[in-house]
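Protein chains in written order, with full-length UniProt numbering: chain A, 1 to 374; chain B, 1 to 374.
Note that the Cβ used here is the ideal one computed from N, Cα and C, for glycine as well.
On a predicted model such as this, the values are computed, not experimentally measured, just so you know.
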């Protein structure tokens, strides 16, 4: 994993968010002093009521300095006096490409061996060639490394990436190579896609949760330790929920919508889904459930609570999920791999520990996997 | 395959393009009658010199009525008096989502069996949930069909899609199902991403080539006829060519840049690449080359000419590629599958015919495959 350049305490990001929304509305409607104070109190109340509090997220990371100051005229994307929504899709995407190129370059600087496949996962910026392609070309790996873009799937995308990677490892021409290695790289720059001009409760939920995250891991047929063995993968789409969560392109960036009832909708499908995962893995829940660690994508604090309550989990079974949310926020598709890393490094989870991952995104899609720690 | 709603003769699309560029510049700079005439002659000259002529592309398809009239005030996206570049990314992407939803709905209306996987391939619009996810949810297939977004890879994306699909077929839990079937669906709406405000030679090349296309095919372990057996896949990135072709997001839509020397750069790497394909497939070129049909992605007429010349192909070996370009234009990632369909239906290509596919895109990436017709 790599941390974004700027890490800000949640209490500070919430104060910044309030100022950003006030500045945006002021620019749009030309508010005077008194009106502005009324608006500020309204927005602070909304944040108090809807935003994710500092006792659930301690800090969030961002790749832009914007969140560190309210001097709007000097902000790179959120120059809110001039652009009340922040700059347009083009500027945000250029910044994305620049940051992600730097990350790939650094991430692979010490890497001597070219991977056979590189899967680049993101839902927050798209350029072609991608930073993955540019890095591979510059390193002279273009003849060996196949590149796959796993884009625009949302928070659950680590599981489709595993599914692709497993297929690449199994496919003949990769498997023939003794050193076949599929790298998966997540680069999520959620902080580029805020909209300070929309003051709905939903937007304060979204804008107080998401953060930037960067992480890389590899899949291969090798069995070195410590690692995870992938036992089973599963995916399902919850019926009649297509509009409960959306992620679409607009002129100014990517826009998220989120219904209040997403945790309830997911909870309704979860019992069956988890049973199916154990079944696919050939593990009897009666034996293995109590020792399983749950890597639950922390869409927000409520979803972890809900999953824990529904599956009757002990607090230690979801501690890694809560910990990653607390330390870094919701880093979209990069979040689950951060939890995996924590479980892998945790001496309290011994060899043989089953790890059930659960992630959620537009569809509503529920994605899951079972690993065994080795 | 399905055809877009509007099909326009190339001579008419070129005339429309000239008018669109003049209207855009007129709106931007407030040109008067005489200046406008000078500009029109300049643009017509550029089109004459750079655009793809009607003897290489007969017709192009579009999903919007815009190209059928120069009454700019009533155009859906290219209301050029008001928006000299056309409407923004949001409007284009909404139109994309609407059209692609209708296509998926119709395409699967008669389909009774849910695929085990559905790979949605595009580089011209991204919404989450995608039309693929919405269709699967509405059909009640959410518990069975896994969905993968293969987005933003460009014209060569059919080959990564084959690579993913092959992995899914090989992966345990899919292979166990007797009726495992991976559907690949391409929906490309290139006509949504024109920029009539940029009058460079490069833009006239791009804007006179691309078109909309929709096509679906399936991969499975079955061996029914007629079909193709996938013998080998290969990919490579040409060194030092990352900026020769780009496809990036802007405020107004997706922007393509294209160097003049792309065909030369590709040609330089092609001999080795094709030899590697035959080698991976275990086919001796001395025996098989002369009977091979070449499915060459028609980036433009020049690339087919170049590949034909370089590999010393007979005209009948690349006739299907020329034919698809002539009939439909360059439909980005949907183009190669249209050529495959033509070869599959062509009685002049008997059972056993090797089919080498070659496609090109940002990276510069060269993707290829060898099939055998059965």
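Can you find a C-beta in chain A that's less than 8 Å from the C-beta of residue i?
i                      : result
residue 101 of chain B : no
residue 377 of chain B : Because chain B in this structure spans residues 1 to 374, residue 377 of chain B falls outside the shown range and cannot be described.
residue 330 of chain B : no
residue 265 of chain B : no
residue 268 of chain B : no
residue 362 of chain B : yes
residue 154 of chain B : yes
residue 83 of chain B  : no
residue 365 of chain B : yes
residue 56 of chain B  : no
residue 196 of chain B : no
residue 221 of chain B : no
residue 4 of chain B   : no
I'd like to know if residue i contacts chain B, where contact means its C-beta is closer than 8 Å to some C-beta of that chain.
i                      : result
residue 354 of chain A : no
residue 251 of chain A : yes
residue 166 of chain A : yes
residue 114 of chain A : no
residue 59 of chain A  : no
residue 151 of chain A : yes
residue 380 of chain A : Past the edges of chain A, shown from 1 to 374, lies residue 380 of chain A, and the structure says nothing about it.
residue 146 of chain A : yes
residue 88 of chain A  : yes
residue 142 of chain A : yes
residue 368 of chain A : no
residue 163 of chain A : yes
residue 347 of chain A : no
residue 160 of chain A : yes
According to DSSP, what are the bridge partners of residue i?
i                      : result
residue 218 of chain A : A/183
residue 354 of chain A : A/372
residue 254 of chain B : B/249
residue 306 of chain B : None; residue 306 of chain B has no bridge partner.
residue 233 of chain B : B/369
residue 7 of chain B   : B/61
residue 121 of chain A : A/150 and A/186
residue 346 of chain B : Beta-bridge pairing links residue 346 of chain B to no other residue.
residue 360 of chain A : A/366
Can you tell me whether residue i is helix, strand or coil according to DSSP?
i                      : result
residue 174 of chain B : For residue 174 of chain B, the predicted model reports a pLDDT of 49, less than 50, meaning its position is unreliable and no value from the coordinates is stated.
residue 95 of chain B  : helix
residue 331 of chain B : coil
residue 150 of chain A : strand
residue 79 of chain A  : coil
residue 198 of chain B : coil
residue 19 of chain B  : helix
residue 169 of chain A : helix
residue 116 of chain A : coil
residue 189 of chain A : strand
residue 264 of chain B : helix
residue 27 of chain A  : helix
residue 284 of chain A : coil
residue 143 of chain B : coil
residue 212 of chain B : strand
residue 132 of chain A : helix
residue 242 of chain B : coil
residue 51 of chain A  : coil
residue 295 of chain A : strand
residue 290 of chain B : helix
Open item on the list: Can you pull out the residues from the region 292-326 of chain B whose beta carbon lies closer than 9 Å to at least one beta carbon of chain A?
Closed with: Those residues of the region 292-326 of chain B placed with their C-beta closer than 9 Å to a C-beta in chain A do not exist.
- [ ] Identify each residue in the region 122-140 of chain B for which the Cβ-Cβ distance to at least one residue of chain A is less than 9 Å, and report them in chain order.
- [x] Within the region 122-140 of chain B, those residues whose Cβ lies closer than 9 Å to any Cβ of chain A are, in chain order, 123, 125, 126, 127, 128, 129, 130, 133, 134, 136, 137, 138 and 140.
Open item on the list: Check whether the region 348-355 of chain A and the region 193-201 of chain A touch, using three or more Cβ-Cβ pairs below 8 Å as the test.
Closed with: Per the Cβ contact rule, the region 348-355 of chain A is not in contact with the region 193-201 of chain A (fewer than 3 Cβ pairs under 8 Å).
Task: Where the region 227-252 of chain B meets chain A: residues whose CB sits under 9 Å from a CB there - done: Legend: CB atoms of the region 227-252 of chain B lying less than 9 Å from CB atoms of chain A belong to residues 232, 233, 234, 235, 236, 237, 238, 239, 240, 241, 242, 243, 245, 246, 247, 248, 249, 250, 251 and 252.
Open item on the list: Would the region 118-137 of chain B count as touching the region 147-166 of chain B if we require 3 or more Cβ pairs under 8 Å?
Closed with: Segments in contact, yes.
- [ ] Please determine if the region 282-300 of chain A and the region 318-326 of chain A are in contact, where contact requires at least 3 C-beta pairs separated by less than 8 Å.
- [x] Yes, the region 282-300 of chain A touches the region 318-326 of chain A.
TODO: Determine, using beta-carbon pairs with one atom in the region 357-374 of chain A and one in the region 227-247 of chain A, whether at least three such pairs fall under 8 Å.
DONE: Here the region 357-374 of chain A lies against the region 227-247 of chain A, with 3 or more beta-carbon pairs under 8 Å apart.
Open item on the list: Across the region 201-214 of chain A and the region 46-60 of chain A, are there enough close Cβ pairs to call them in contact, namely three or more that are closer than 8 Å?
Closed with: Yes, the region 201-214 of chain A is in contact with the region 46-60 of chain A.
Open item on the list: If contact is defined by three or more beta carbon pairs under 8 Å, each pair taking one atom from either stretch, is the region 108-116 of chain A in contact with the region 266-280 of chain A?
Closed with: With the cut-off at 8 Å, the region 266-280 of chain A and the region 108-116 of chain A do not touch.
TODO: Tell me, please, whether the region 51-66 of chain A touches the region 77-97 of chain A by the rule of three or more beta-carbon pairs shorter than 8 Å.
DONE: Segments in contact, yes.
Open item on the list: With three or more beta-carbon pairs closer than 8 Å as the criterion, would you say the region 180-192 of chain A touches the region 217-224 of chain A?
Closed with: Three or more Cβ pairs drawn from the region 180-192 of chain A and the region 217-224 of chain A lie within less than 8 Å of each other, which places the two stretches in contact.
Open item on the list: Using 8 Å as the cut-off, can you tell me whether the region 21-28 of chain A makes contact with the region 82-98 of chain A, which would need three or more C-beta pairs spanning the two stretches below that distance?
Closed with: With contact defined as three or more Cβ pairs closer than 8 Å, the region 21-28 of chain A and the region 82-98 of chain A are in contact.
TODO: Would you check if there are 3 or more beta carbon pairs closer than 8 Å linking the region 127-135 of chain A to the region 154-161 of chain A?
DONE: Segments in contact, no.
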